[in-house]
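In full-length UniProt numbering, the protein residues as written are 1 to 1064. The block underneath contains the structure these notes are about, expressed in structure tokens.
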């Protein structure tokens, strides 16, 4: 039957090509039209496969070349050609080879006054032009001149013909040769006039498609540099800007506005960044390296002619697709285990970092800090379990005794109980809207009211009386010895006075200890000051903040404001108000502009330019010894007015997309709010968007590679107080000094008779800072041989974090894990009794200190150095790998290795692991996987976390091994140490789009909770393993039963209290 149909269609097509009988041709065209008018595209594609396009084109040529063309044949033929041509990718080339282009152009010229015939010719030309080569040939043959005769100023007549002609012209201008021809013949000016005329007269928006297609013609021409120059010379920017101002909010004009935005972005003159060099403002002399010349930022003449398609990204998808072509498919590379990268004798140096495996009981007692009086530690909460339901623990108290009383009064709920109460510990009522306008509603943005509902009168009165200079205390000096002026002494006195009245509300934080630690922190720029939030501390807000709902069209509005700088520069100030490149201060404290500062630990702001009265362009610093990785920012701004919308544009971001487009907000910390008793980083800002701008880095700077594009992050902030000092950051900052302070307080908080907590120095960094290694486990029950043997035989768990300095969320997750591990929670006790935790909480201290986003002081990504690290150039990686080698050499490879990271493109928390089979399956490798033996236990931990942790999602996890990740910690530990459960745990900078936290941004509470949940998952993983001891199973069963009873009792008390409330 199929053969009969095929032969029947072929007979029709052959007859059509060869017949000269008019009636036969008309009948065949009628039959083909009926066949193709019903059914799916499959019929059309089938006809194409049987030579249908060639038959129709040949018939067109034969009929058109007749002395008197028969339009009764030509019109249905043109309709069929238009239908078939849309599905035939080679249609234009076939038309060119069969000489159908010339005859169609001739017919069109003959029918300029015959609307019906001309319309059909234009339909055919439209499908011919789908091929760029064919379009170029049509341009050579005068097609554009013909079209400009057809396209007239605004009229309500022949609009179908005008629309078809504009569509053909837009298709033709995709050819660069046609675009050049259009520029040379002055068609840019003609198109702009046509746009103005149609836009001005079409007040009812009846002919939006014609207006859009005219703009598409300009867009295609603007792909050429000569086209952009002609557009600018013809005042195109001004024309499109003015004609579109009243259309931005009209949904019916969406197709027009979208193309206008793309044209304006294309034609905005490209320029270099306003920096003296492309490299970082800070340079560090790396041992053995040759200093390179600074990369100068060049002028526009250095840029290549690019024809980027500028896309209006107001409705962009945030989906991040993994690249399958990067997957490792070499089974030998995936399964082979390389040898040591150093002499085996070197490994013995790490024995001193694992003394718990060999020391006597008395030595253990002395190592774990038996001389410390943990009961007297004022800043630690011994029962603290990081969860989002703990704001009550952070209440302001006037003295230590009231703090202790508050701790005793609260209901103690263990982590297991919270899990049993539901995967969410977040009640819907505790959600809070995003920080839109703190001055209209202070409480909704975390400002204006204390968590306890009480003001702090002493500090409030002092602020009103201007007892303290906000600029003096907002960025205090590290040491008065740094300067001979009176200012540091004044600062020290003020800070001392503040600390005396400060109620010390932040658990595991001590400002005095922080100041002492800051003096030992070594930075490239030799920072003299501390950021107030890091010194004072941070308390999580009482409730989570929702993701910011993006206002439709906000990106377009920002782009139009950017364009207005170019065409209406009357209000442009362009004054540099802060710069790391200048040796002297640029700001006049008496002026009405904002004051900026970033010369403190983890700070990153290189330059600030006042563009308009309330708008500032900001440039962040590249990583030290690098010209890239501009993303992390952290700076102080002061001198503001309250309730005034300040726009900030960070104009040298590098990544092509950001979670700032999908609900994420920057973080803000107000010094005045902190002094009022609310020391809190909150999400703040509105009208947030992230888009490609007009700044470029030339090929000369990029070493011959393609031009580097830059992106703008723009947001508006309404500050809560006049003359405040506020800090803005990409994410919640967590400094190296904060870590060292935290570790000391943790060590003093534990009972050394029960908890073995030891700090070692893994190594010294390039910058001369100590990289800490922390060991946590339980002390042996006694000095008996059995108890010591059990102690030494505990399996190891290795956790690392912060190899990328800009991923501060990784440190907050680590903070939650550390606090949980030393807490009195029954789960934490079981973990300590059954495991030895080796923790490296900050693998890149130098990068964190100096405000880098990704690199070390050498300008390298340390998480790409694990294959063959250097002891001199990558000391933290070298010694972290050495420690893992040592553990493996003595048969103590970790059960789990996990490196905590932050992710800027995805939401939620998820794991990356390693699997040979999944990698080969995903790559569709021909190599059979049946012979590959693999432990599938690598999926168990993420499955456990998916059930336990509210922020975690299994669906984002991946276990593929990419070639580009071969030198990361996860892959190297998996391959070289044989740790099947080797992971990277990624936490979003933004928040969650699933589960109990759906629609919420992450706060520090949620991140800390994730750290605690990760620790809990390690216990459950052990309970599921075949090697789990009978003793641990018994203890866990007892704990679960006890928790069940405690939970029931807690819920009963809660229900009684709630019912009594309603009865009142």
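Glycine residues also receive a C-beta, built at the ideal position from the N, C-alpha and C atoms. A quick note: this is a predicted structure, and the numbers were derived from the prediction, not measured.
State the DSSP-derived secondary structure class of residue i, mapped to helix, strand or coil.
i: residue 809; result: helix
i: residue 966; result: coil
i: residue 1082; result: Given that the chain is displayed from residue 1 to residue 1064, the structure contains no residue 1082 and the question cannot be resolved.
i: residue 471; result: helix
i: residue 457; result: Low local confidence applies: a pLDDT of 48 at residue 457 is under 50, so the model's placement there is unreliable, and no value is given.
i: residue 14; result: helix
i: residue 835; result: coil
i: residue 939; result: helix
i: residue 407; result: Annotation note: pLDDT 33 at residue 407 (below 50); position unreliable, coordinate value reported separately. Residue 407: helix per DSSP, three-state reduction.
i: residue 562; result: helix
i: residue 649; result: strand
i: residue 156; result: coil
i: residue 106; result: helix
i: residue 991; result: strand
i: residue 613; result: coil
i: residue 599; result: coil
In chain order, what residues of the same chain lie with their CB nearer than 7 Å to the CB of residue i, ignoring the 5 residues before and after it?
i: residue 256; result: 208, 211, 212, 215, 247
i: residue 608; result: 577, 578, 596, 616, 618
i: residue 135; result: 129, 171, 172, 174, 175, 178
i: residue 817; result: 799, 1011, 1012, 1014, 1015
Can you tell me whether residue i is buried or exposed? The criterion is at least 16 other CB atoms within 10 Å of its CB, across all chains shown.
i: residue 339; result: exposed
i: residue 1034; result: exposed
i: residue 694; result: buried
i: residue 570; result: exposed
i: residue 825; result: buried
i: residue 259; result: buried
i: residue 336; result: exposed
i: residue 744; result: buried
i: residue 348; result: exposed
i: residue 228; result: buried
i: residue 901; result: buried
i: residue 982; result: buried
i: residue 832; result: buried
i: residue 1065; result: In this structure the chain extends from 1 to 1064, so residue 1065 is not present and cannot be described.
i: residue 1038; result: exposed
i: residue 193; result: exposed
i: residue 1074; result: Only positions 1 to 1064 of the chain appear in this structure, which leaves residue 1074 out of reach.
For residue i, which residues from the same chain have a beta carbon less than 6 Å from its beta carbon, with the 5 sequence-adjacent residues on both sides left out?
i: residue 1004; result: 540, 732, 812
i: residue 800; result: 840, 843, 899
i: residue 883; result: 350
i: residue 776; result: 757, 821, 837
i: residue 637; result: 594, 596, 726
Should residue i be flagged as near chain B, meaning a C-beta pair shorter than 8 Å?
i: residue 10; result: Of the protein chains in this structure there is only one, and it is not chain B.
Using a Cβ-Cβ cut-off of 8 Å (strictly less than) and excluding sequence neighbours within five positions of residue i, which residues of its own chain qualify?
i: residue 150; result: 112, 118, 122, 161, 162, 165
i: residue 948; result: 419, 423, 1013, 1016, 1017, 1020
i: residue 12; result: 28, 31, 32
i: residue 465; result: Any reading at residue 465 must be qualified, since the residue scores a pLDDT of 47, below 50, and its modelled position is unreliable; the value itself is stated next. Closer than 8 Å at Cβ, skipping near neighbours: no residue.
> Does the region 965–980 touch the region 894–910, meaning 3 or more C-beta pairs lie closer than 8 Å?
Replying inline: The region 894–910 is in contact with the region 965–980.
>> What ranges does the alpha helix (DSSP H) occupy inside the region 16–58, keeping only unbroken runs of at least 4 residues that lie completely in it?
In response: Uninterrupted alpha helix (DSSP H) stretches at least 4 residues long and entirely within the region 16–58 occur at 22–37, 41–49, given in chain order.
> Does the region 757–769 come within contact of the region 824–837, defined as at least 3 CB pairs closer than 8 Å?
Replying inline: Fewer than three pairs of CB atoms, one per stretch, sit closer than 8 Å, so the region 757–769 makes no contact with the region 824–837.
>> Across the region 179–192 and the region 230–250, are there enough close Cβ pairs to call them in contact, namely three or more that are closer than 8 Å?
In response: The answer is yes - the region 230–250 touches the region 179–192, with three or more Cβ pairs under 8 Å.
>> Restricting to runs no shorter than 3 residues, where is the beta strand (DSSP E) found entirely within the region 883–912?
In response: Within the region 883–912, complete beta strand (DSSP E) segments of at least 3 residues are found at 896–903, 909–912, given in chain order.
> In the region 660–701, which residue ranges form an unbroken beta strand (DSSP E) of at least 3 residues, counting only runs that do not cross its ends?
Replying inline: Correct list: 667–670, 686–697.
> Does the region 664–673 come close enough to the region 714–726 to have 3 or more Cβ pairs within less than 8 Å?
Replying inline: With the cut-off at 8 Å, the region 664–673 and the region 714–726 touch.
> Unbroken alpha helix (DSSP H) runs of length 4 or more, entirely within the region 505–544: which are they?
Replying inline: Scanning the region 505–544 for uninterrupted alpha helix (DSSP H) segments of 4 residues or longer gives 511–518, 532–536, listed from N- to C-terminal end.
>> Below 8 Å, how does it come out for the region 548–555 and the region 1010–1017: are there three or more Cβ pairs, yes or no?
In response: With the cut-off at 8 Å, the region 548–555 and the region 1010–1017 do not touch.
>> For the structure I just gave you, are there three or more beta carbon pairs, one from the region 644–654 and one from the region 628–636, closer than 8 Å?
In response: Look at the beta carbons and you see the region 644–654 touching the region 628–636: at least three pairs across the two are nearer than 8 Å.
> Contact between the region 903–917 and the region 946–965: three or more CB pairs below 8 Å?
Replying inline: By the Cβ criterion, the region 903–917 is in contact with the region 946–965, since at least three pairs of Cβ atoms, one from each stretch, lie closer than 8 Å.
> Is there contact between the region 556–564 and the region 872–888, where contact requires at least three CB pairs shorter than 8 Å?
Replying inline: Fewer than three Cβ pairs drawn from the region 556–564 and the region 872–888 lie within less than 8 Å of each other, which leaves the two stretches out of contact.
> Can you find at least 3 beta carbon pairs, one from the region 63–74 and one from the region 84–91, that sit closer than 8 Å?
Replying inline: Short answer: they don't touch.
> Do the region 87–104 and the region 51–61 touch if we need at least three Cβ pairs shorter than 8 Å?
Replying inline: Yes: the two stretches touch, three or more of their Cβ pairs being nearer than 8 Å.
> Counting pairs of beta carbons, one from the region 765–773 and one from the region 847–862, are three or more of them closer than 8 Å?
Replying inline: With contact defined as three or more Cβ pairs closer than 8 Å, the region 765–773 and the region 847–862 are in contact.
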